[in-house]
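Working notes, beginning with the structure itself.
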Amino acid sequence: MNILIFSGRLAATPELETHGDTTLTRIRLIRNEYAGKDDAGNRKERQVTLSVTAFGGQAELLARSALKGDQLFVHASIRNNNFTDGKGIDRYEYNFELDEFEFGAPGPEKRQQLAAKEAGGS
C-alpha cells in the first residue's frame, strides 16, 4: 500500500456526517505552490486543492478540534471508488482516505479562540 503525505490549510471547518453506522468528514486542503515566473521575472504561484475523507474516530477528532485555516499534515491512502452510474455506465474514481494527521500552525479562527481563552483565564 502507498502512503501519501500532504500538507495544507483547511478550506473550511470540518463537519461530521453520519451515514448509517459510518461517521465521516470530508476535508479540503489548500496550498500555494511555485508556478514559475511571469514575463517580468516575478514569482508566480498557483493554488492547489486536495480533498480527503476521514472515517470514525479520526473524523470525529477533526470535526471537534479543527477549524478553517488550520494547517494539517495528512497521511493518506488512495482508495478505488469504482461504481456504475444510474445510466449503467461504469465510472472509475479514486478517493484519498485519511490514515492519520498532525496539526501544524493554527489558522486565524483558532488563534482568536486561543487568545480569548488566554484573556479569560488571566
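In the working numbering, each number is its position in the sequence shown, counted from 1, plus 1313. A virtual CB, placed ideally from N, CA and C, is assigned to each residue, including glycine. Owing to the predicted nature of the structure, the values given are computational and were not obtained by experimental measurement.
Item                                                                                                      : Value
Give me the Cα-Cα distance between PHE1396 and ILE1402, rounded to the nearest whole angstrom.            : 8 Å
List the endpoints of the continuous alpha helix (DSSP H) containing GLY1370.                             : 1369-1378
Per DSSP, TYR1347 is paired with what?                                                                    : GLU1358
Could you tell me which of SER1390, LYS1350, THR1335 sits nearest to ASN1315, measuring between CA atoms? : SER1390
With DSSP run on the structure shown, which of helix, strand or coil describes ALA1389?                   : strand
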